[in-house]
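J.: Count the sequence shown with mature numbering (1 follows the signal peptide of the UniProt record, and there is no 0) and you get residues -25 to -1, 1 to 227, in order.
Ideal Cβ positions, reconstructed from N, Cα and C, are used throughout, including at glycine.
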Amino acid sequence: EKKENMLIFISLCLLCWGQFNGVRSEIQLEMYENSIDDMFSNCTEEMAKMVFNKYFTELKKKEYWANEETKIKKDDHILTKEELDAIRVYTEHKNGVYRIFNSAVRDGKEKYDNSFEFHMLYFLLVSAVQKLKKADKKECHTTYRRYKSEVTFKLDKDKIRLGSFASSSLTPDQKDYGNKACLEITTCYGATIEEYSAYPAEKEVLIPPYELFELIKGKDVEELKDCESKFVLKSVGINSNLDCILGTLQGE
């Protein structure tokens, strides 16, 4: 009995340790219908004015903005200073912003009008990804994403989205991110941000929350042979339920 109790105690400790360290035992990929997925397709200029007028204080009251502003180059022929700041803030692991931000985006549909805390960061990342995508002639990229947790799927006609902004790499060997489950992703709306990232060696491609993927079955991925589970996602377009809705929600 003592041995059984000890095993239970150890199991609980391991579970708590995993949760404390942000490692979930299982991640389910689905359509994330409650996510914020605005892509500002026909309202970029109007939304830029509104977001900067109404939410600019988000930049000033968040310490992480000031911390990252000093670390980026000031001039770029594609992105604005604010967009450069946004990528740096998002990709800097040490500030932990990406984790809080992605969680807020993944479940933020009902809060998008006012109580969502990241209007500025969200808008700037969407704008940056779209500008960079246009600059690389809208080419599709094969990228890789690794997990330290098991991955399951809740498919809608074999389709899923990633639910938030998702980091992936042009190289399959970013093993620090895990090998429990791995994805090979063909993204046609994600943009290469290697030049702007806090960690350029990761060769990051940032995938937006509105990109739609199909799970391709029966394909092996030799580049991910060290992974326990391997899955292949192929871009099949976009799915933006909140496209250009922010102005309507705000009565603009």
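#1: Would DSSP call L208 helix, strand or coil?
#2: Cβ of D82 within 8 Å of Cβ of S142?
#3: What three-state label does DSSP hand I(-16) in the structure shown?
#4: Terminal residues of the continuous alpha helix (DSSP H) containing Y174?
#5: Short of 7 Å in beta carbon distance, which residues of its chain neighbour V126, apart from the five on each side in sequence? Order them along the chain.
#6: Within the continuous beta strand (DSSP E) that includes S143, where are the two ends?
#7: So, helix, strand or coil for F93, using DSSP?
#8: Can you give the Cα-Cα distance for C219 and L107, rounded to whole angstroms?
#9: Short of 7 Å in beta carbon distance, which residues of its chain neighbour A103, apart from the five on each side in sequence? Order them along the chain.
#10: Using three-state DSSP, classify K134 as helix, strand or coil.
#11: What does the Cβ neighbour count give for L34, buried or exposed, with the cut at 16 atoms within 10 Å?
#12: Can you check whether the CB of F98 is closer than 8 Å to the CB of F76?
#13: On the DSSP bridge assignment, give the partners of T161 in chain order.
T.: Result, derived from the coordinates:
#1: DSSP places L208 in the strand class (E or B) of the three-state scheme.
#2: Not closer than 8 Å, so no.
#3: The pLDDT assigned to I(-16) is 44, lower than 50, so where the model puts this residue is not dependable, and the model offers no usable value.
#4: From DSSP, Y174 is part of no alpha helix (DSSP H); its letter is neither H nor E.
#5: Within the same chain, Cβ atoms closer than 7 Å to the Cβ of V126 are found at I2, L4, A156, S204, F206, the five residues on either side in sequence being excluded.
#6: Annotation: the continuous beta strand (DSSP E) that includes S143 extends over 141 to 144.
#7: Three-state DSSP puts F93 in coil, outside helix and strand.
#8: Approximately 20 Å between the Cα atoms of the pair.
#9: Only L54, E58, A61, I62 meet the Cβ criterion.
#10: The answer is strand: DSSP assigns K134 an E or B state.
#11: Flag for L34 reads buried.
#12: Between F76 and F98, the C-beta gap is not smaller than 8 Å, which leaves the two residues out of contact.
#13: For T161, which the question treats as bridged, DSSP gives the partners T117, K209.
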